[in-house]
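One structure below.
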Amino acid sequence: MDVALNSKCITSEYFFLNSNLRAKFQFTGLFAWWVSEASNYGHEYDYLTDYMYESNISAFGRLFHEVCFKGGQKIVSNRLVEDARQLIKRCRAKDPESRPTMKDVVTEMEAWNLT
Numbered sequence: 032m033d034v035a036l037n038s039k040c041i042t043s044e045y046f047f048l049n050s051n052l053r054a055k056f057q058f059t060g061l062f063a064w065w066v067s068e069a070s071n072y073g074h075e076y077d078y079l080t081d082y083m084y085e086s087n088i089s090a091f092g093r094l095f096h097e098v099c100f101k102g103g104q105k106i107v108s109n110r111l112v113e114d115a116r117q118l119i120k121r122c123r124a125k126d127p128e129s130r131p132t133m134k135d136v137v138t139e140m141e142a143w144n145l146t
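First residue of the sequence shown? That's 32 in the working numbering, and the numbers climb one at a time after it.
Below, the structure is given as structure tokens:
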């Protein structure tokens, strides 16, 4: 089952890392209800049709931007700033068809030199 995560309530404050450093998302309130609706009924309702796989890529770009560039602490090293900004820009492209796949995103990020 795929659930599109395109929602303004998805912010870094709801993400946590478990002991294996795996990201976990806390579903709360109306968003938790919506996820249940989407998983039960799919995209057969008009209000769910805008939320598709490409929306997840845009939501990832928004969240990645928030984690990397907002807040008091600088998280991204200077040599990764431009790479990160370019990736975010592609993820947030207006044309959903021109956004990278999540596989492309992962491949690109794995190639970054973090040392």
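Yeah, the Cβ is synthetic: ideal placement off N, Cα and C, and Gly gets one too.
Inter-residue spacing [alpha-carbon to alpha-carbon] between residue i and residue j
{"i": "Val-98", "j": "Gly-92", "result": "10 Å"}
{"i": "Ile-119", "j": "His-96", "result": "7 Å"}
{"i": "Ser-108", "j": "Arg-123", "result": "22 Å"}
{"i": "Arg-53", "j": "Glu-128", "result": "29 Å"}
DSSP state of residue i mapped onto helix, strand, coil
{"i": "Ala-90", "result": "helix"}
{"i": "Ser-50", "result": "coil"}
{"i": "Trp-126", "result": "Looking at the sequence itself, residue 126 is Asp, so the reference to Trp does not match. Residue state, collapsed to three classes: coil."}
{"i": "Thr-132", "result": "coil"}
{"i": "Met-32", "result": "Residue confidence is low: Met-32 scores 38 on pLDDT, short of 50, so the model does not pin down where it sits. Its coordinate-derived value is still stated next. Met-32: coil per DSSP, three-state reduction."}
{"i": "Leu-145", "result": "coil"}
{"i": "Thr-138", "result": "helix"}
{"i": "Lys-120", "result": "helix"}
Residue environment, residue i, which counts as buried when at least 16 other CB atoms sit within 10 Å
{"i": "Ala-90", "result": "buried"}
{"i": "Ala-115", "result": "buried"}
{"i": "Arg-130", "result": "buried"}
{"i": "Leu-145", "result": "exposed"}
8 Å contact criterion, which residue i and residue j should meet: CB distance rounded
{"i": "Trp-143", "j": "Leu-94", "result": "The pair is not a contact, with the Cβ atoms about 17 Å apart (cut-off 8 Å)."}
{"i": "Met-140", "j": "Ile-88", "result": "That pair is no contact at about 13 Å."}
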